[in-house]
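Asks: Numbers 316 to 797, taken from the working numbering, label the letters of the sequence shown in order. Beta carbons: idealized from backbone N, C-alpha and C, even for Gly.
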Amino acid sequence: LAEELPSTGKGTWVVRPDGTMQTTYRLRPNVTWHDGTPLTAEDLAFGWAVTSDPALPVESKAASSEIARIEAPDDHTLLIEWQRLYVQAYAITEDDLGPFASHLLRPLYEADKQQMWGSPYWTTMFVGVGPFKLMEWQPGEHILLHAYDGFFGGRPRVDQIVIRFIPSQDTIVANLLARTVDFDTGKGRTTLQQKIEIRNAWQQAGLQPTVLTSTGNLQILWVQYGHPVVPELTDARVRRALLLALDRQTMADTLTDGLAPVADTFLPPDDLRWDWVKDGIARYPYDSRQADALFAESGLRRGPDGVLVNAAGARMDLPHWTVPGTSHEQQLAIEADNWRGAGVLTQQKIQSPSEANDVRTIAGFSGLYQTVWPTPTLASIEARFLPSKCPSEQNNWTGQNYGCYLNPAWEQVMGQLKAALDPSDQRAPYLAAARLHTEDLPFFTLYFDVNLEVLRPGITGVKGVAKPDGDLTWNLPQWDIE
316 LAEELPSTGK
326 GTWVVRPDGT
336 MQTTYRLRPN
346 VTWHDGTPLT
356 AEDLAFGWAV
366 TSDPALPVES
376 KAASSEIARI
386 EAPDDHTLLI
396 EWQRLYVQAY
406 AITEDDLGPF
416 ASHLLRPLYE
426 ADKQQMWGSP
436 YWTTMFVGVG
446 PFKLMEWQPG
456 EHILLHAYDG
466 FFGGRPRVDQ
476 IVIRFIPSQD
486 TIVANLLART
496 VDFDTGKGRT
506 TLQQKIEIRN
516 AWQQAGLQPT
526 VLTSTGNLQI
536 LWVQYGHPVV
546 PELTDARVRR
556 ALLLALDRQT
566 MADTLTDGLA
576 PVADTFLPPD
586 DLRWDWVKDG
596 IARYPYDSRQ
606 ADALFAESGL
616 RRGPDGVLVN
626 AAGARMDLPH
636 WTVPGTSHEQ
646 QLAIEADNWR
656 GAGVLTQQKI
666 QSPSEANDVR
676 TIAGFSGLYQ
686 TVWPTPTLAS
696 IEARFLPSKC
706 PSEQNNWTGQ
716 NYGCYLNPAW
726 EQVMGQLKAA
736 LDPSDQRAPY
746 LAAARLHTED
756 LPFFTLYFDV
766 NLEVLRPGIT
776 GVKGVAKPDG
786 DLTWNLPQWD
796 IE
């Protein structure tokens, strides 16, 4: 939406001695909302006012919480005053600044904030600025989008898109094999194995589908620090032993057909930042003997039945939760089997879908909690490591440090990361963050999911998944059909 990015050389990115900053964005003059109304700087200023409003349940405030104020001196100029150093101030990719259609939403916001939040604008009456505009939304059935002739980037090559809601995996697969749909949106409906089967079937038929792979979600195990049932979990030696006792490579090979890489830390190997940290981190390859040695060093010993006990005779019996899903349940079983061989028992629990979406319930786990972390960004790293991000009533249950890990060293590391404005200055703090993670193990990183994208033969122009903030459809206007 901007003509160019703010620059220190051009004076549009000013960093002051006290750490505050100002960025100046000049918006493109030819951007219009789908109803024909021109986009203005006020739409972004209004977006910040809404998302920073404490009365509204906004989950992500990565950018808006760093801003002191926004001014719009004219329709195409945005002056953003930053409270502190913020590395992404010159290239905002977070969507918590909108833009929000102020000509449609401001009257609702000023009359009743909750009414605005529940408005059909966000669903069936959505008006945006992107390459496709909403024509029809039948809940549970389909969404119909048409190419927007007034899109500032040029009219898309494809005239129409239909997004179909198909709840059955088998029906999705059947539609893909019959080529009555072009691709699965990648939101977890079809499994990796099903996509592999679709790819193989098309290739065996002499067809050439578009096939793309990339790392996806990071599979992690949260450790509870705030109220653990097993206090030994707060001992770093025990955490290291538990991770050493997991055969993560076999786990990844079993669950992803050998496509997924083991996660040594929170950065994936196809991330440019991986080269900054790979040679300076602690690693925990499967090693049962070293795990046994660390358990013994921490004061745990095997009882008569082979289960580890502490000095008081209490057995290592860990609450072990996960979210619903076949692969998660398989993963839970593999972990439990590995740990049983190391003398650790687990109490397995599969959450219900409603529990898995309730932050209060998630934060209530008392041992280990298995879930996923999307591609790490600076904002998501901060959200998972800082003590202030522990979900609580005080922060309206919006934090993502679910285990309430408390380590003041992270405040310093995150401060360094957020202050490293030049990419050349980011190497050292990212290495410090990855080293701190792998040495202290606030949570266990298991492996990275693999995103296998298989698109019907004849789809062209697909460039792949954008990282770190994006998905497969980021360049959708350039897609075409042969």
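(1) DSSP three-state label for His-391, please.
(2) Between Ala-364, Gly-531 and Gly-541, which has its C-alpha nearest Val-687's C-alpha?
(3) In whole angstroms, what is the alpha-carbon distance linking Thr-731 and Pro-744?
(4) Within the same chain, show all residues whose beta-carbon is closer than 8 Å to that of Pro-639, passing over the 5 residues directly before and after it, in chain order.
(5) For Leu-522, count the other beta carbons within 10 Å of its own beta carbon; 16 or more makes it buried, fewer makes it exposed. Which is it?
(6) Contact check, Asp-350 vs Val-473 under 8 Å by CB: the rounded distance?
(7) For Lys-428, which option in Gly-614, Ala-694, Pro-369 and Gln-534 has the closest C-alpha, if you only look at C-alpha atoms?
(8) Identify whether Trp-636 lies in helix, strand or coil by the three-state DSSP scheme.
(9) For the putative contact between Met-566 and Tyr-405, defined by C-beta atoms under 8 Å, what is the C-beta separation to the nearest angstrom?
(10) Over what stretch of residues does the beta strand (DSSP E) that includes Asn-308 continue unbroken?
(11) Taking the beta carbon of Trp-725 as the centre, do at least 16 other beta carbons fall within 10 Å, making it buried, or is it exposed?
(12) Confirm, please, whether the CB-CB distance from Leu-770 to Val-777 is below 8 Å.
(13) Please state whether DSSP places Asn-490 in a helix, a strand or coil.
(14) Go ahead and pull the three-state DSSP assignment for Glu-797.
(15) Need the endpoints of the alpha helix (DSSP H) that Gln-685 sits in, please.
(16) List the residues that DSSP assigns as beta-bridge partners of Arg-675.
(17) Whole angstroms are fine: how far does the CA of Asn-710 sit from the CA of Thr-338?
(18) Give the C-beta separation of Trp-589 and Pro-583 to the nearest angstrom, bearing in mind that I take them to be a contact with Cβ-Cβ under 8 Å.
(19) Can you tell me which residues form a DSSP beta bridge with Ala-520?
(20) Could you check whether Pro-772 and Pro-446 sit closer than 8 Å to each other, using their CB atoms as the reference points?
(21) Look up Trp-348 in the DSSP assignment and say whether it is helix, strand or coil.
(22) Would you report the Cα separation of Val-577 and Ile-535, rounded to the nearest angstrom?
(23) With DSSP as the reference, please indicate the residues paired to Arg-742 in a beta bridge.
(24) Excluding the five sequence neighbours on either side, which residues of its own chain have a C-beta within less than 6 Å of the C-beta of Gly-618, listed in chain order?
(25) Give the range of the beta strand (DSSP E) segment to which Asn-766 is assigned.
(26) Considering only residues of the stretch 384-466, which uninterrupted alpha helix (DSSP H) runs meet the minimum length of 4 residues and lie entirely inside it, listed in chain order?
(27) Go ahead and label Met-631 buried or exposed: buried means 16 or more other beta carbons lie within 10 angstroms of its beta carbon, across all protein chains shown.
(28) Say whether the stretch 695-707 touches the stretch 715-729, bearing in mind that this needs 3 or more beta-carbon pairs closer than 8 Å, one atom from each stretch.
(29) Between the stretch 551-569 and the stretch 600-613, are three or more C-beta pairs nearer than 8 Å?
(30) Is the separation between the beta-carbon of Val-358 and that of Phe-415 shorter than 8 Å?
(31) Identify which residue in Phe-480, Glu-425 and Thr-506 has its Cα closest to the Cα of Leu-570.
(32) Which whole-angstrom value describes the C-beta separation of Ala-383 and Gln-398, a residue pair presumed to lie in contact below a C-beta threshold of 8 Å?
(33) State the start and end residues of the unbroken alpha helix (DSSP H) segment that holds Lys-733.
(34) How would you call Phe-480, buried or exposed, if buried means at least 16 neighbouring beta carbons within 10 angstroms?
(35) Please state the DSSP three-state secondary structure of Leu-693.
(36) If you follow the alpha helix (DSSP H) that Leu-558 is part of, which residue opens it and which one closes it?
Replies: From the atom records:
(1) As a first step, residue 391 must be located in the sequence shown, where it is residue number 76. Coil.
(2) Residue numbering aside, residue 687 sits at position 372 when the sequence shown is read from its first letter. Checked all of Ala-364, Gly-531 and Gly-541; the closest Cα to Val-687 is Gly-531.
(3) To locate residue 731, count along the sequence shown from 1; it is residue 416. To locate residue 744, count along the sequence shown from 1; it is residue 429. With the sequence shown as reference, residue 731 is identified as Gln, and Thr is not the correct amino acid for it. Cα-Cα distance, rounded: 6 Å.
(4) Against the sequence shown, residue 639 aligns to sequence position 324. Around Pro-639, the same chain offers Ile-665, Gln-666, Ser-667, Pro-668 and Ala-671 as residues with beta carbons nearer than 8 Å, after the five sequence neighbours per side are excluded.
(5) In the sequence shown, residue 522 corresponds to position 207, counting from 1. Label assigned to Leu-522: exposed.
(6) Position 35 of the sequence shown, counted from the first residue, corresponds to residue 350. Position 158 of the sequence shown, counted from the first residue, corresponds to residue 473. At roughly 22 Å, the Cβ-Cβ gap does not stay under 8 Å, so Asp-350 and Val-473 are not in contact.
(7) Walking along the sequence shown from the start, residue 428 turns up at place 113. Minimum Cα-Cα distance from Lys-428 among the listed residues Gly-614, Ala-694, Pro-369 and Gln-534 corresponds to Pro-369.
(8) Counting from one through the sequence shown, the residue named residue 636 turns up at place 321. In the displayed model, Trp-636 falls within a strand according to three-state DSSP.
(9) Numbered from its first residue, the sequence shown carries residue 566 at position 251. Numbered from its first residue, the sequence shown carries residue 405 at position 90. Between Tyr-405 and Met-566 the Cβ distance is about 40 Å, and since that is not below 8 Å, they are no contact.
(10) Because the chain spans 316 through 797 in this model, residue 308 falls outside it and cannot be assessed.
(11) Translated into positions along the sequence shown, residue 725 becomes position 410. Trp-725 comes out buried.
(12) Translated into the one-based positions of the sequence shown, residue 777 becomes position 462. Translated into the one-based positions of the sequence shown, residue 770 becomes position 455. Yes, the pair counts as a contact, with Cβ atoms nearer than the cut-off.
(13) Taking the sequence shown and counting its residues from 1, one reaches residue 490 at position 175. DSSP places Asn-490 within a helical segment (H, G or I) once states are collapsed to three.
(14) Taking the sequence shown and counting its residues from 1, the one referred to as residue 797 is at position 482. In the structure shown, Glu-797 sits in coil (DSSP, three-state: anything other than H, G, I, E or B).
(15) On the sequence shown, residue 685 is found 370 positions in, with the first residue counted as 1. Element bounds for Gln-685: not the alpha helix (DSSP H) but the beta strand (DSSP E), 683-688.
(16) Locating residue 675 in the sequence shown gives position 360, counting from the first residue. Arg-675 pairs with nothing; no bridge assigned.
(17) Residue numbering aside, residue 338 sits at position 23 when the sequence shown is read from its first letter. Residue numbering aside, residue 710 sits at position 395 when the sequence shown is read from its first letter. The alpha-carbon separation between Thr-338 and Asn-710 amounts to approximately 28 Å.
(18) One-based indexing of the sequence shown puts residue 589 at position 274. One-based indexing of the sequence shown puts residue 583 at position 268. Indeed they touch by this definition, with Cβ atoms about 7 Å apart.
(19) By one-based count along the sequence shown, residue 520 stands at place 205. Looking at the DSSP assignment, Ala-520 forms no beta bridge with any residue, so it has no partner.
(20) Looking up residue 446 in the sequence shown gives position 131. Looking up residue 772 in the sequence shown gives position 457. For Pro-446 and Pro-772, no; Cβs fall outside 8 Å.
(21) Residue mapping note: residue 348 aligns to position 33 of the sequence shown, counting from 1. Coil, per DSSP.
(22) Working through the sequence shown from its first residue, we reach residue 577 at position 262. Working through the sequence shown from its first residue, we reach residue 535 at position 220. Approximately 11 Å between the Cα atoms of the pair.
(23) By one-based count along the sequence shown, residue 742 stands at place 427. Note: Arg-742 sits in no beta bridge, so no partner.
(24) Here residue 618 corresponds to residue number 303 of the sequence shown, with the count starting at 1. The residues are Val-624.
(25) Numbered from its first residue, the sequence shown carries residue 766 at position 451. Note, Asn-766: beta strand (DSSP E), 758-770.
(26) For the stretch 384-466, whole alpha helix (DSSP H) runs of length 4 or above, ordered along the chain, are 417-426 and 428-432.
(27) The residue given as residue 631 occupies position 316 in the sequence shown. Buried, because 16 or more other Cβ atoms sit within 10 Å of the Cβ of Met-631.
(28) Taking a contact to require three or more Cβ pairs closer than 8 Å, the stretch 695-707 and the stretch 715-729 qualify as touching.
(29) Touching, yes.
(30) Against the sequence shown, residue 358 aligns to sequence position 43. Against the sequence shown, residue 415 aligns to sequence position 100. It is worth fixing the name first, because residue 358 is Asp in this sequence and not Val. Less than 8 Å divides the Cβ of Asp-358 from the Cβ of Phe-415.
(31) As a working note, residue 570 is residue 255 in the sequence shown. Considering only alpha carbons, the answer is Thr-506.
(32) Against the sequence shown, residue 383 aligns to sequence position 68. Against the sequence shown, residue 398 aligns to sequence position 83. Taking the Cβ atoms as the reference, Ala-383 lies roughly 5 Å from Gln-398, within the contact range of under 8 Å.
(33) For the purposes of this step, residue 733 is taken as the residue at position 418 of the sequence shown. Going by DSSP, Lys-733 is part of the alpha helix (DSSP H) stretching over 724-734.
(34) Numbered from 1 along the sequence shown, position 165 holds the residue referred to as residue 480. Exposed: under 16 other Cβ atoms inside 10 Å.
(35) Residue mapping note: residue 693 aligns to position 378 of the sequence shown, counting from 1. Note: Leu-693 maps to helix in three-state DSSP.
(36) Residue numbering aside, residue 558 sits at position 243 when the sequence shown is read from its first letter. The continuous alpha helix (DSSP H) containing Leu-558 extends over residues 551-559.
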